[in-house]
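Note that the protein sequences, when read in sequence, are chains C and S. If you count the first sequence from 1, position 275 lands on 343 in the working numbering, and the numbers rise without skipping. If you count the second sequence from 1, position 113 lands on 114 in the working numbering, and the numbers rise without skipping.
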Amino acid sequence: MSRRLQSGITLLLALGQSMWCCSWADTSIPPSYHWGRGISWPDADFNLGGYINVSYQYPEKKANQLKLDELSLFLTWSPHQRVRFFSEVEVDDWQSTRNSDSFAHALRAERLYVDLLATEAATVRFGKFLTPIGRWNVIHAAPLIWTSTRPLVTDEMLFSPHINGVMLTQRWQFNERNLDMSVYSDHSGRLNVFDSGTSGFDTGFGGRVNFDLSETAQIGLSFIDFNNEIAPKADRNDLLGVDFLWKKDGYEVAAEAIYRHAGDSQGQEKGLFVQGIAPLTEHLFGIARYEYLIGTHHFIDLDTHVGVAGLAWRPYVPLVFKAEYRFGSQNGLVAPSGFFTSISMFF
Amino acid sequence: MMNVRILTLLLVMLSSQARADDILVITGHDTSFKNFSSKRVKNIFLRKTLLNEAGGGWIPLNLNADDPIRLAFSRTLFNLPPEALEPYWNEQYFQGIAPPYVVASEEAMLRFVAGTRGAIGYILPCHLDGRVKVVFKVTTKYDLKLYCNTGA
């Protein structure tokens with residue numbers, strides 16, 4: 069980091085500290101910046117960070133492109149021990165060699181919520197947050213995931229990635245294992261003032277249960293009943309999901325399966341993905357994924373098989389380089405075959 | 002030759018077991034802590050539990066990642082070395098949760114815990130004094146007594 073930038077950050081932190089004298093935490097830990105963990109300001113329980121993702125896509129029979137996928141800024145602030153604000157402001161698909169968006173149009177609030185810690189095990193969340201269906205959607209940030217492409221069953225064509233509403237989460241412990249249960253209600257049609265798109269939910273309600281099967285394995289169940297903002301008078305959809313994660317010594321197996329049903333022409337679809345990770349060296353990992361989707365996917369009949377084989381190099385904790393080849397059958401429309409690569413980093 | 006190797010390995014493991022030492026989890030005298038269990042301590046140090054029973058916020062502390070006491074604490078409590086938890090902290094960073102603050106020494110840990118309501122840390126038994134109270138004991142398989150001579 070350049071000396072000028074470092075002194076700028078130090079000056080900002082010092083100014084901030086002088087403006088903000090008191091907090092609930094009587095800490096004496098000075099503000100600091102850590103690569104991949106943002107600027108932390110313990111006295112105010114404040115953190116500023118984010119991530120960037122740049123990708124190069126070379127799909128078969130389509131134009132290739134170099135793209136600034138995401139430039140994302142997180143802000144966390146806890147003004148009281150029971151209150152936590154979180155916001156993620158993102159510039160999404162802003163610059164590309166194929167076409168570029170205006171900054172104003174690309175800018176959006178990806179997440180904006182407040183958590184009220186009711187008890188040590190119960191939290192109430194208000195605002196805009198990620199839809200808790202499966203695992204991929206809630207940890208979709210490019211530096212966290214293993215591939216540049218996203219599995220079809222987690223795609224926003226299937227369910228909106230965001231909820232605008234309220235969620236209650238409660239944790240229990242059974243035999244030294246955590247059981248987390250969330251229920252939520254969505255009113256995006258009225259509350260989503262931060263996104264001009266119409267691909268979100270109109271209303272919805274749902275829940276999720278996550279259980280630690282062991283130190284290394286977790287299983288989750290998700291459900292949501294919703295209708296889409298684009299067709300609020302169409303039949304409501306019911307979506308069921310089950311997911312599994314096992315991690316040990318750098319190896320990982322993740323799987324998610326969904327089933328969505330609506331009584332009208334929206335039809336039904338079901339699908340899954342199974343992904344395995346294996347360390348090849350200390351920082352280099354091999355990835356293999358199989359995906360399947362069948363049914364009426366946004367009014368199109370699909371019977372799609374997809375395979376992904378790739379590598380991810382993580383030379384440092386916040387930084388990852390990814391390269392993969394995607395192939396399949398009847399996949400051209402929703403997940404075209406081709407070569408995909410990206411560089412992403414938490415800062 | 003193979004038998005000698007196996008015997009040596011067994012002797013090392015047995016001597017390590019015999020010299021196994023505890024690490025004490027500490028809080029200030031004005032911080033309440035009930036329902037003692039390793040899962041509860043894990044949840045606090047993984048920042049899955051942010052509030053205590055009295056409604057105050059937990060402020061967990063760590064020693065430096067290469068500190069032998071931190072290594073023993075992490076390997077015993079989480080079955081993982083500190084660096085293996087970095088992917089977990091990456092995920093938490095995306096959710097707005099920062100890892101525990103790091104202090105430079107056990108003495109710094111003692112001062113911070115004694116002076117800050119909600120702070121929770123860990124030290125060796127030989128460095129315990131009246132400024133803090135012990136709320137949990139982590140029994141390790143590591144020989145940590147040699148770090149008593151280095152001072153807190």
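Note that beta-carbon positions come from the ideal geometry of N, C-alpha and C, so glycine has one too. As the structure is a computational prediction, the values presented were derived from the model and not from experiment.
Of all residues in the region 195-223 of chain C, the ones placed with a Cβ closer than 7 Å to any Cβ belonging to chain S are I207, A209, P211, L212, in chain order. With a beta-carbon spacing of about 6 Å, S:E54 and C:E188 fall inside the 8 Å limit used to define contacts.
Rounded to whole angstroms, the Cβ separation of C:D311 and C:G202 is 5 Å, and the two are in contact under 8 Å.
Apart from sequence neighbours up to five positions away, the residues of its chain that approach C:G344 with a beta-carbon distance below 6 Å are V321, A356, ordered along the chain.
Taking C-beta atoms under 8 Å as the contact rule, C:V402 and C:L370 qualify, at a distance of about 7 Å. With respect to the 8 Å criterion, S:Y94 and C:G117 are classified as neighbours on the basis of their beta carbons.
For the region 102-118 of chain C, the beta-carbon criterion of a distance under 9 Å to any beta-carbon of chain S is satisfied by G104, R105, G106, S108, P110, D113, N115, G117.
For C:I298, the number of other beta carbons within 10 angstroms of its own is below 16, and it is reported as exposed. Around the CB of C:D113, 16 or more other CB atoms lie within 10 Å, so the residue is classed as buried. With contacts defined as CB atoms closer than 8 Å, S:I121 and S:I60 qualify as a contacting pair. Inclusion of C:V277 and C:Y252 in the CB contact set at 8 Å is not warranted, their separation being larger than that value.
Not one beta carbon of chain S lies nearer than 8 Å to the beta carbon of C:Q286. Counted as a single uninterrupted DSSP element, the stretch harbouring C:M225 is not any beta strand (DSSP E), since DSSP gives it neither H nor E.
S:V133 sits away from S:V104, with the two beta carbons spaced by 8 Å or more.
For S:V135, the uninterrupted beta strand (DSSP E) run begins and ends at 133-140, by DSSP.
In its chain, beyond the 5 residues on either side, L111 have a beta carbon closer than 8 Å to the beta carbon of S:D130. Every alpha helix (DSSP H) of 4 residues or more that sits fully in the region 39-64 of chain S is shown, in chain order, as 39-46. For S:G58, the closest alpha carbon among the candidates S:N150, S:D68, S:R118, S:A73 is that of S:R118. Inter-segment contact for the region 136-143 of chain C and the region 153-167 of chain C is present: three or more beta-carbon pairs are separated by less than 8 Å.
In the DSSP annotation of this structure, the continuous segment of the beta strand (DSSP E) that includes C:E324 starts and ends at 319-329. Under DSSP, C:T372 takes part in a beta bridge, and its partners are C:L361.
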